[in-house]
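Numbering (my numbering), first residue to last: 588 to 677.
One structure below.
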Amino acid sequence: MTECWLQCEVSPGQFSGEFAVRGTDSAGRFFSLFVDSDDMDDDREFLRVKPLAIDRDVVLIELPRATLENGNTVTVNKSQVSDSKRREFA
């Protein structure tokens with residue numbers, strides 16, 4: 588699978604076509620980043636990400652940009668990721 592979708596909190600960014608995204612990793616820590624509208628779904632509820640590895644109930648994902656806190660990869664709970672924006676990730 589080349590892409591999947593991460594449910595997250597989205598708010599307008601500082602520039603036109605930019606969004607501020609806030610998510611939670613598998614340890615319950617928040618992460619945040621700014622992304623272009625192309626990285627979001629039409630409803631602005633999901634962020635396009637790339638799954639790198641799956642282990643039990645967690646998924647290592649690559650984000651479209653680096654987080655403000657640390658790099659562009661993060662481990663999230665499997666339940667936070669879906670392959671079609673509406674179904675749980677298999």
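Ideal placement from N, C-alpha and C gives every residue a C-beta, glycine not left out.
Bear in mind the structure is a predicted one, so any value in this text is a computation, not a measurement.
Minimum C-alpha distance to residue i - residue among the options
{"i": "Ala-640", "options": "Phe-633, Ile-648, Asp-670", "result": "Ile-648"}
{"i": "Trp-592", "options": "Gly-658, Ser-603, Ser-666, Arg-635", "result": "Arg-635"}
{"i": "Thr-654", "options": "Asp-670, Phe-618, Asp-642", "result": "Phe-618"}
{"i": "Cys-595", "options": "Gly-604, Phe-602, Val-608, Ser-603", "result": "Val-608"}
{"i": "Gln-601", "options": "Glu-632, Phe-621, Thr-589", "result": "Phe-621"}
{"i": "Ser-598", "options": "Ser-613, Glu-590, Phe-633", "result": "Phe-633"}
{"i": "Gln-582", "options": "Asp-625, Asp-623, Gly-615, Asp-630", "result": "For residue 582 there is no data in the structure shown, the boundaries of the chain being 588 and 677."}
{"i": "Gly-604", "options": "Glu-590, Asp-612, Met-627, Ser-613", "result": "Met-627"}
{"i": "Asp-623", "options": "Arg-652, Ser-671, Thr-589", "result": "Arg-652"}
{"i": "Ser-613", "options": "Asp-625, Ser-669, Lys-665, Asp-670", "result": "Lys-665"}
Residue environment, residue i, which counts as buried when at least 16 other CB atoms sit within 10 Å
{"i": "Phe-606", "result": "buried"}
{"i": "Pro-638", "result": "buried"}
{"i": "Gly-610", "result": "buried"}
Whole-number beta carbon distance between residue j and residue i, since they are thought to touch under 8 Å
{"i": "Val-661", "j": "Val-645", "result": "Between Val-645 and Val-661 the Cβ distance is about 10 Å, and since that is not below 8 Å, they are no contact."}
{"i": "Arg-659", "j": "Leu-650", "result": "According to the sequence provided, residue 659 is Asn. The question's Arg does not apply to it. The pair is a contact, with the Cβ atoms about 5 Å apart (cut-off 8 Å)."}
Exercise. Which parts of the region 614-654 are runs of the beta strand (DSSP E), unbroken and 3 residues or longer, counting only runs that do not cross its ends?
Worked result: Within the region 614-654, the complete beta strand (DSSP E) runs of at least 3 residues are 617-623, 633-642, 645-649.
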